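Encoded as structure tokens, the structure appears first; notes follow it.
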Amino acid sequence: MKKYVADIKKVLLSQLQGYRSLFSLLTRERESLVDFNEQAVEQLSKEKDTLILKLRLLEDERIRLVKRLTNEIYLRSPELKEQITGSTTPADFNLAKLAELTADNEFMEIRASLKSLLQSLDELNSFNRVLIDRSLSYVRNNLNLLNSLGSAQLKKDKTGMFLTREA
């Protein structure tokens with residue numbers, strides 16, 4: 092059981108570090124959006140995709156380890172089995188319950204850090220979404236302006252005269 096607890100902590104700490112990296116990427120993305128630096132935004136988008144894939148793999152690993160831990164708890168302790176079964180499934184086993192069962196407060200510290208960081212990520216992501224929407228609106232308005240000028244130029248050219256050079 093201790094091995095699973097240690098492995099779960101390791102995965103959670105890796106997730107925490109990954110979310111911190113994501114926060115840093117989103118902060119840099121915000122700066123690039125404000126500066127209209129499209130190359131930097133594209134590069135950061137690729138980095139975000141890679142990091143999100145890594146975070147998904149870590150989450151899958153965490154779920155796998157929690158399932159194994161709860162299965163071991165089921166086998167070792169029938170009274171805990173009733174407590175766990177009544178409240179949640181192994182895949183959705185939360186950190187507060189894990190801290191309670193293992194008497195390890197580090198899970199609560201990790202939980203608080205993750206919760207705070209995820210709220211910050213949500214706020215920053217929402218702000219970046221607003222910036223992207225405004226940028227798209229700006230580009231669309233400029234494109235419409237250019238299209239209207241281009242169509243006006245075409246109409247003017249059609250009413251004009253064609254001149255040719257003869258050799």
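Sequential numbering of the sequence shown, starting at 92, is according to our numbering.
The beta carbon of each residue, even a glycine, is placed where N, CA and C say it ideally should be.
Because the structure is a prediction, the values reported are computed rather than measured.
Taking a 10 Å sphere around the C-beta of Ser-207, we find fewer than 16 other C-beta atoms and assign the residue as exposed. Distance between Asn-216 and Leu-117, taken at the CA atoms: about 7 angstroms. In this structure Ser-226 touches Leu-124 by the C-beta definition: roughly 6 angstroms separates them, less than 8 angstroms.
Short of 8 angstroms from the beta carbon of Asn-196, and not among the five residues preceding or following it, lie these beta carbons of its own chain, in chain order: Ala-190. In this model, Gln-108 and Tyr-95 are separated by some 20 angstroms (Cα to Cα). Remark: C-beta atoms of Leu-149 and Val-221 do not approach each other more closely than 8 angstroms.
DSSP places Asn-196 in the coil class of the three-state scheme, outside both helix and strand.
Take the alpha-carbon of Leu-192 and the one of Ile-164: they are about 9 angstroms apart.
DSSP places Ser-136 in the uninterrupted alpha helix (DSSP H) bounded by 129-167.
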